[in-house]
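Colleague:
Protein chains: 4
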Amino acid sequence: MSHNTFGHLYRVTTWGESHGPALGATIDGCPPGIAVDADAIQAWLDRRRPGRTRNTTTRNEPDTVEILSGTYEGRTTGTPVQMMIRNTDQRSKDYGDIAQTFRPGHADITYHQKYGLRDPRGGGRSSARETAARVAAGGLARAVLADLLPDLTITGYMVQMGDKRIDRARFDRAEIARNDYWCPDAVAAAEWDDYLTWLRKDDHNSVGAVVEVTARGVPPGLGAPVYAKLDTDLAAAMMSINAVKGVEIGDGMAVAALTGRDNADEIAMGPDGPEFSSNHAGGILGGISTGQDVVLRFAVKPTSSILSPRASIRIDGTATEVVTKGRHDPCVGIRAVPVGEAMMACVILDHLLLDRGQTGGVRGTIGEGRSLRRG
Amino acid sequence: MSHNTFGHLYRVTTWGESHGPALGATIDGCPPGIAVDADAIQAWLDRRRPGRTRNTTTRNEPDTVEILSGTYEGRTTGTPVQMMIRNTDQRSKDYGDIAQTFRPGHADITYHQKYGLRDPRGGGRSSARETAARVAAGGLARAVLADLLPDLTITGYMVQMGDKRIDRARFDRAEIARNDYWCPDAVAAAEWDDYLTWLRKDDHNSVGAVVEVTARGVPPGLGAPVYAKLDTDLAAAMMSINAVKGVEIGDGMAVAALTGRDNADEIAMGPDGPEFSSNHAGGILGGISTGQDVVLRFAVKPTSSILSPRASIRIDGTATEVVTKGRHDPCVGIRAVPVGEAMMACVILDHLLLDRGQTGGVRGTIGEGRSLRRG
Amino acid sequence: MSHNTFGHLYRVTTWGESHGPALGATIDGCPPGIAVDADAIQAWLDRRRPGRTRNTTTRNEPDTVEILSGTYEGRTTGTPVQMMIRNTDQRSKDYGDIAQTFRPGHADITYHQKYGLRDPRGGGRSSARETAARVAAGGLARAVLADLLPDLTITGYMVQMGDKRIDRARFDRAEIARNDYWCPDAVAAAEWDDYLTWLRKDDHNSVGAVVEVTARGVPPGLGAPVYAKLDTDLAAAMMSINAVKGVEIGDGMAVAALTGRDNADEIAMGPDGPEFSSNHAGGILGGISTGQDVVLRFAVKPTSSILSPRASIRIDGTATEVVTKGRHDPCVGIRAVPVGEAMMACVILDHLLLDRGQTGGVRGTIGEGRSLRRG
Amino acid sequence: MSHNTFGHLYRVTTWGESHGPALGATIDGCPPGIAVDADAIQAWLDRRRPGRTRNTTTRNEPDTVEILSGTYEGRTTGTPVQMMIRNTDQRSKDYGDIAQTFRPGHADITYHQKYGLRDPRGGGRSSARETAARVAAGGLARAVLADLLPDLTITGYMVQMGDKRIDRARFDRAEIARNDYWCPDAVAAAEWDDYLTWLRKDDHNSVGAVVEVTARGVPPGLGAPVYAKLDTDLAAAMMSINAVKGVEIGDGMAVAALTGRDNADEIAMGPDGPEFSSNHAGGILGGISTGQDVVLRFAVKPTSSILSPRASIRIDGTATEVVTKGRHDPCVGIRAVPVGEAMMACVILDHLLLDRGQTGGVRGTIGEGRSLRRG
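Listed below in structure tokens is the structure:
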């Protein structure tokens, strides 16, 4: 990771500001021969798009992706893939009044302090709009993964909004796509809907959320000691998403309260290899995947752009109160779901390529199992 | 981060196995002219050393560091600094019986699956012993930081053992060094001592912990969008420590339950620059430091090496029960405190160098403040 | 350097194929606050543009650059700068017949062997058209260098075409821009013009060249042992340009015939610091700049796309003869001059940022000199 | 490449000074399961060792390598391999008088200017002694290559000493190991011997050389556009060796004098795949290997440490004359031969791993050939 680049072999560099002419992702290291076109990427972008529900920003952009390089006759060539999204709905006037003011809880002040200037239009580079480029990069990663790991599925969903958590007993994977909140619990989804409507309309406020992302079908052996662990790179990937303040793998922060006896995921031999009695580890031991589901969660803070006044200062040091009008999500966690999935896809692909680079993808056998190739 | 290397400009590569001849850290990119010698590094290592209390492993090694390169007449020369620690207490026989067995919750199985072989002596590369090299690297980073940021202080401490948390009302920084648990709450420390003694002697068990690390005196402007954010790199640094399963910045996972109004750290102009009414953000906005305390926490799982039997399998696929004798910490979180501090030091130094590389360290002014150099 | 990325802190990723929709450069790590706009970049691109002389390809494209991100109100913001050039003159039919054939001396065959497919239109990614993106990146680097090192000048010129070398006694810097060949020797320029016209029209052939690039005003202290030496990175930068087969620093290959007595650049103290009696070293000792002119040369092979038939094979293994029609430069060395300058600019800027990152840019004094800051 | 690290996936970081306690190589990313021990590495080091002939430095060190990590029971484990060489013959007094003086043509002055201090003992980090660590790293790379590419052979030899070149008509591969100069031409070897003896004893001088390194058995498809080309990385690898001032691939600088017709390596279909009528390209087209021999040359300047007086200055700016006593090679090109081979081995292995990471090592077929796996 180097400033705006992410990944070791599947390297994603995103670029662009919220209200500049365009934004996009430059992807270097994509395997060749993969069938992909703009429509395939567009499908993932459409999932993330704001304007999807009444409780997300009303900014309405088609977010149409163009593939400018790296494919020929519908297949990747192994050269850099440039995916560009034009910004078409740039109502700059909405943001004009904040150019001299720092919104509390926002990157306005730190960009100014670091760079001595900032693009104030829509948050510039610090806008959540940057995550559209991540979703495009994740879409390409999924096309590659469909070829290399056809059994892999990556699923993101919200498990908490404000202090309202889902009931795991009601967890229904099919429900996730049915409501506006990527919520696997229909009862919670309804409750969240009421809460968020009140929060936005009456309370002029916003709220945080917890997103969970799972990957099923990850082969054992991905990851590497000790600073390119699979969980190290997943933690970095998720923490780099706007507004994320915490990341958990498996049981996460709750492992602190466990004893060693409880935390041990016991192992038995099954017909297809080792099987585990539980998954406290979230599918990762010693930084390397076990073959179980990889499970992580991240917490998204409430957006700082709210209609309620907050005390702040201007660049000239004078005091002011900030009230952010314009189009802002009351719960940015909702849009973070496809972003978390995209980052999961990029990390898994990157580690798949790293693994076959170093080891050739040959797996140590257990029992009478054959030595299998990964990827 | 690339396998066993950490950092962008202050690049740390650790090497070595628990029971090999030696382990160490190769550090590239250290600024020149910094006064440092082996004694200065040794002081940090002594803080981490096992055998410190009755409730840490009884493995008793002096952990003596040798500086093999990169200094001349007591100052760094700007060339790679090699710091080596010989392994002197290698009772390999303690571990011989586990060479064919996978401990539940341990990296045994994933190393085998990835590499097809592993060094079973004391956990090999996956042993917490690797963290001694991190502490050495952090010691060198602190020597540089003492020169570049003399007001910086980095403090780690435990805030939770099992389900027993400190009482923040009793928080006393001076208490941290007085007890065996880096605990800032004397009452909690006593409680933990009783609990851990019982856990080890009577329950043959282990337990998790939460460590908090704060850095005071971090200048504003460190960090960079969007994949080398200060919090991205801190999350990666902490998640790469053995047994860590969760990382939080500022309010961490709890931000999910906050509203935007509550979460906004309001800003006022103070005599020396902006001041914040609160620090939900943990000193980082948009991935860039604000000048407030940088605050993070990470959760350490209970060690998987316990005297209680757990079901598992052997390499040949047959079932077995694992009981790990030998010398193991009942709460590895204790030893993780100096390690977390060391990683914080490395990340802050790395970002200080990155910042002055890109920006020259000149800070955007607020109010009538002068433009100041960082680092 | 990682596939399509170049540089450590000033990181340039180029993307795009010769006949795709567009190509460009994604630049990460650019210092903030630098005055630059599309016109400033365009000026450098216009110098490189084919169609400039009767002896370069007649492909006629405006090569208009758009800056899509990373600037605000005419200054860089410190975030990624995306510079895109649309391909407007894509006569794909010129190249259609070579999709199944490998041109001798061309990357056709190796791209096929590596990736299993290739974009045959105009050479795809292996086309010299990629160098337009380098010139854009170099233009931005020059804008930064104008701010940080105002006395720096970078000058490229051709010193040999075929077996015809310039006469160093006639070297005239002012002459370089006056002829079509970036030739500092007016007599040689006239001779080259006749030769190249004959070669193209009558001989249906092409020819190689040697380009020299010098940088005056490079401060001492840039570069680093032992794998990021200034000359290591310059050699990589130049060798990465299409068709380059050799790189020399200072006296280059000729140092083999020198004795130690002859090769020693003797040192004396001048009014502004050390002065050297000669510059066999090309301004670099131990990988670090001395403050003298940095001098390098690189050899460009003749283009493989010629009207004379050459024996080859098709993808199906059958024999064929290749005659390349279409628009091709008889001496690609000419267009390599601005490219070599651009790479020099990128490398020097990158090392300037690296140096101030690690050392703060403070220079060791000699004599009574003050300790000076670099950059 | 980042300061003292070299390579993308097979990453070599060398450390250590000429007269410090030790030097070595930290290697990250080595494939697991490779049979290797200290003796195998030692064999390569013994080839490079000074004191080998009467015309190399009389410094006499055993250069005994210790493997401190990354192997278990004689096989690599996939974790970092630390190889250390103790410095045992550190006659520091030989160098004491040069601590205040800058040798012309040496890195003394640039290290001082960059870092503000330097280790003057034996050249410190800038000593050719660093190359011992490269040879160790290359030895490990060869062990891996013996497993992955059993038909690969890498051969280095000197083709020029001073202005005396070998006669290619007398080229005899078997002769290389028979003389003290890695010379494939027995007549030239005898001539060089006389010349060098005179140069050392009577002329108190030194001389440059050209080294050629070839790799036979490199599969097609290694390398990547456009900044991690195989020739880009080879050029960087060779230019990073002490005293190297020029690097050539294939015909190198001589391509400038060739026409396109002459330079085209014509292709025909052979029984095992494409065959080429010539190898002007040195086995690399578009930065990717063709399957032909990879051929490169590099020029080594004469050592600057000679017994003849040269004018210089001291740190305090006063004038002086430098005469370097002590043990120095009159032609460092001799010892550069095993170093060039080692760097070739490291680059080829690195690109083999990169290639199978990105492409899985599957090669595009030509004719009826099967799609073959590389590595």
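Chains as they are written, first to last, in the numbering used here: chain W, 96 to 470; chain F, 96 to 470; chain C, 96 to 470; chain L, 96 to 470. All C-beta atoms, glycine included, are put in the ideal place defined by N, C-alpha and C. Computed from a prediction, not measured in an experiment: that's the story for all the values here.
#1: From the DSSP output, read off the bridge partner residues of tyrosine 167 (chain W).
#2: By Cβ distance, which residues of its chain are closer than 6 Å to arginine 409 (chain C), with the 5 residues on each side in sequence left out?
#3: Would glycine 341 (chain F) and glycine 386 (chain W) qualify as a contact pair, given that the criterion is a beta-carbon distance under 8 Å?
#4: Under the rule that 16 or more other beta-carbon atoms within 10 Å means buried, what is phenylalanine 266 (chain F), buried or exposed?
#5: Can you find the residues in the same chain that come closer than 6 Å, C-beta to C-beta, to tryptophan 139 (chain F), ignoring five residues on each side of it along the sequence?
#6: Taking C-beta to C-beta, are alanine 228 (chain L) and leucine 118 (chain L) nearer than 8 Å?
#7: For alanine 194 (chain W), which of helix, strand or coil comes out of DSSP?
#8: I'd like the ranges of any beta strand (DSSP E) spanning at least 3 consecutive residues and lying wholly in the region 269-330 of chain L.
#9: Going by alpha carbons, who is nearest to threonine 174 (chain C) out of W:Ala120, W:Ile362, W:Arg392 and W:Asn99?
#10: Who are the neighbours of proline 199 (chain L) on chain C, taking C-beta pairs under 7 Å?
#11: Using a beta-carbon distance below 8 Å, is arginine 356 (chain L) in contact with chain W?
#12: Go ahead and label serine 372 (chain L) buried or exposed: buried means 16 or more other beta carbons lie within 10 angstroms of its beta carbon, across all protein chains shown.
#13: How many Å lie between aspartate 328 (chain F) and methionine 256 (chain C) at the Cα?
#14: Looking only at DSSP bridge pairs, what is arginine 392 (chain L) linked to?
#15: Would you say glutamine 453 (chain C) lies against chain F (beta-carbon separation less than 8 Å)?
#16: Here's the rule I'm using: 16 or more other beta-carbon atoms within 10 Å means buried, otherwise exposed. How should alanine 431 (chain L) be labelled?
#17: If you pair each beta-carbon of the region 125-142 of chain L with each one of the region 238-245 of chain L, do three or more pairs fall below 8 Å?
#18: Note down, in chain order, each residue of its chain lying with its Cβ closer than 6 Å to the Cβ of arginine 237 (chain W), except the 5 sequence neighbours on either side.
#19: In chain order, what residues of the same chain have a beta carbon less than 7 Å from the beta carbon of asparagine 358 (chain F), not counting five sequence neighbours either side?
#20: Which residue comes first and which comes last in the beta strand (DSSP E) that contains aspartate 123 (chain W)?
#21: Are lysine 396 (chain F) and glycine 303 (chain F) touching if we call contact CB-CB under 8 Å?
#22: From L:Met438, L:Trp293 and L:Ile401, pick the residue whose C-alpha is nearest to that of threonine 108 (chain L); which is it?
#23: Since glycine 59 (chain F) is in the beta strand (DSSP E), which residue starts that stretch and which ends it?
#24: Please determine, among W:His103, W:Thr250, W:Cys278 and W:Thr248, the residue with the shortest C-alpha to C-alpha distance to aspartate 262 (chain W).
#25: Give me the residue from C:Thr159, C:Ile383 and C:Asp280 with the minimum Cα distance to isoleucine 204 (chain L).
#26: Could you give the DSSP three-state label for lysine 259 (chain L): helix, strand or coil?
#27: Along the chain, where does the beta strand (DSSP E) containing methionine 178 (chain W) start, and where does it finish?
#28: When the Cα of threonine 183 (chain W) is compared with those of W:Gly115, W:Arg220 and W:Gly165, which residue comes out closest?
#29: Buried or exposed: where does tryptophan 287 (chain F) fall if 16 or more other Cβ atoms within 10 Å of its Cβ makes it buried?
#30: Answer yes or no: does any C-beta atom of chain C fall closer than 8 Å to that of leucine 240 (chain L)?
#31: Going by DSSP, what residues sit across from methionine 415 (chain F) in a beta bridge?
#32: My assumption, with CB atoms under 8 Å, is that alanine 310 (chain F) sits in contact with isoleucine 249 (chain F). Please give the rounded CB distance.
#33: So which residues of chain F does proline 320 (chain C) contact, with C-beta pairs closer than 8 Å?
#34: Compare the beta carbon distance of aspartate 258 (chain C) and serine 97 (chain W) with 8 Å and say whether it is the shorter of the two.
#35: Determine the chain W residues that contact aspartate 98 (chain C) at a beta-carbon separation under 7 Å, and present them in chain order.
#36: Does any residue of chain W have a CB that is nearer than 8 Å to the CB of asparagine 274 (chain F)?
Modeller: Straight from the coordinates:
#1: W:Arg170
#2: Gln195, Thr196 and Thr415
#3: no
#4: exposed
#5: Val230 and Gly234
#6: yes
#7: coil
#8: 304-311
#9: W:Asn99
#10: Ala359, Asp360, Glu361 and Ile362
#11: no
#12: exposed
#13: 51 Å
#14: L:Glu307 and L:Glu343
#15: yes
#16: buried
#17: yes
#18: Ala440
#19: Val350 and His375
#20: 117-123
#21: yes
#22: L:Met438
#23: It is not possible to answer for residue 59 (chain F), since the shown part of chain F is limited to 96 through 470.
#24: W:Cys278
#25: C:Ile383
#26: strand
#27: 176-181
#28: W:Gly115
#29: buried
#30: no
#31: Looking at the sequence itself, residue 415 (chain F) is threonine, so the reference to methionine does not match. Paired residues: F:Ser407.
#32: 5 Å
#33: Thr174
#34: no
#35: Note on identity: in this sequence residue 98 (chain C) is histidine, with aspartate being the wrong assignment. The answer, in chain order, is Asp123 and Gly124.
#36: no
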